[in-house]
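Colleague: Structure in structure tokens, see below.
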Amino acid sequence: MLKRLLNLIFPPKCIFCNKILYLNTDIYICKECFSKIEFREGGSIKSGTGDDYFDSIVCVCEYTGIVKDAVKRFKFSNKPAYYRAFARLLSQKIKETMDYRLFDAIISVPLHPVRERTRGYNQSFLISTELSRELGIKEESNLLSRTRNTHSQSLLPRQDRLINVKGAFTVTDSSKVKDKTILLVDDVLTTGTTLNECSRVLKEAGAKKIVVAVIASGRRF
Ligand SMILES: [Zn+2]
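Numbering (my numbering), first residue to last: 456 to 676.
Dropping the structure here:
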């Protein structure tokens with residue numbers, strides 16, 4: 456009832472083109488824009504590089520075109536509500552391709568508290584919270600914290616990215632990570648250095664298996 460009322464006052468809009476959608480829409484993306492998304496086929500893919508600490512990756516689509524533009528607005532132009540569409544895309548992919556009941560916890564890549572205050576929200580946490588609701592997996596993002604504020608990764612070459620994130624994350628309670636199968640959530644995987652560093656500390660704390668889940672990536676696995 457409340458949702459209906461809110462939908463009348465704030466009708467659902469496509470996150471890509473802003474077109475007003477049917478009130479009972481279950482995803483905030485119009486048909487035209489949906490057809491423009493470059494989806495990736497299949498389910499989770501094992502990391503093939505040999506230096507990744509995570510075990511596999513599930514990725515909805517290519518980081519290009521309307522998706523790239525929308526992810527940038529999601530992060531940098533105060534559009535927190537986009538999480539609903541992105542989380543739905545990701546949960547659909549996970550439901551269709553994986554036995555997600557194997558996961559003990561969902562953890563999102565943390566922002567440094569200073570950056571989170573400036574932005575007003577952590578976009579990855581919004582996605583992981585929604586995923587937790589949709590998949591029925593416990594949200595435990597508080598187990599991972601960002602202790603060092605890092606430069607924006609997007610402006611750095613790969614080698615500098617590695618140095619930039621090294622030691623930036625810590626596990627807050629190893630006993631809750633030990634032997635757990637974790638779904639590690641972020642918005643985008645570019646080079647993968649941030650997700651890899653998170654995976655490294657989680658594995659050091661005893662995590663059994665880590666599957667990385669992102670909306671989009673430009674990397675081949
Ligand atoms: Zn649209």
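Where a beta carbon is used, it is the ideal one built from N, C-alpha and C, also for glycine. Owing to the predicted nature of the structure, the values given are computational and were not obtained by experimental measurement.
1. Could you tell me the boundaries of the beta strand (DSSP E) in which Ala623 lies?
2. Taking just the CA atoms, how far does Leu586 sit from Phe509?
3. Given a threshold of 16 other Cβ atoms within 10 Å of its Cβ, counted over all protein chains shown, does Asp554 qualify as buried or as exposed?
4. Is the beta carbon of Tyr691 less than 8 angstroms from the beta carbon of Lys468?
5. Just the C-alpha distance for Lys621 and Arg459, rounded to the nearest angstrom, thanks.
6. Would DSSP call Arg616 helix, strand or coil?
7. Less than 8 angstroms separating the beta-carbons of Thr552 and Gly498?
8. Which class does Ala677 belong to by DSSP, given the choice of helix, strand or coil?
9. How long is the line joining the alpha carbons of Phe676 and Leu461, rounded to whole angstroms?
10. Taking 7 angstroms as the line, does the beta carbon of Thr471 fall inside it for any heavy atom of ligand 1?
11. Under a three-way DSSP split, which group does Tyr478 fall into?
12. Under 8 angstroms Cβ to Cβ from Lys523, same chain only, skipping five residues before and after it: list those, please.
13. Residue range of the alpha helix (DSSP H) that Lys523 falls in?
14. Cβ of Lys474 within 7 angstroms of any heavy atom in ligand 1?
15. In the DSSP output, what is Arg601 paired with across the bridge?
16. Would Leu598 pass as a contact of Val632 if the rule is Cβ separation under 8 angstroms?
17. For Arg588, which option in Cys514, Ser600, Gln547 and Lys534 has the closest C-alpha, if you only look at C-alpha atoms?
18. Is there contact between the stretch 610–620 and the stretch 577–586, where contact requires at least three CB pairs shorter than 8 angstroms?
19. Rounded to whole angstroms, what's the CA-CA distance from Ala536 to Ser511? Just pull it up for me.
Modeller: Reading off the structure:
1. Note, Ala623: premise wrong, no beta strand (DSSP E); not H, not E.
2. 19 angstroms
3. exposed
4. Residue 691 lies beyond the stretch modelled for the chain, which goes from 456 to 676, so this question has no answer here.
5. 47 angstroms
6. helix
7. yes
8. Here the chain comprises residues numbered 456 to 676, so residue 677 is not present and cannot be evaluated.
9. 41 angstroms
10. Per the sequence shown, the amino acid found at residue 471 is Phe instead of Thr. Yes, since a heavy atom of ligand 1 falls inside the 7 angstroms radius drawn around the Cβ of Phe471.
11. The question names Tyr, yet the displayed sequence has Leu at residue 478. Coil.
12. Ala671
13. Gly520 to Phe531
14. yes
15. Phe624
16. yes
17. Gln547
18. no
19. 28 angstroms
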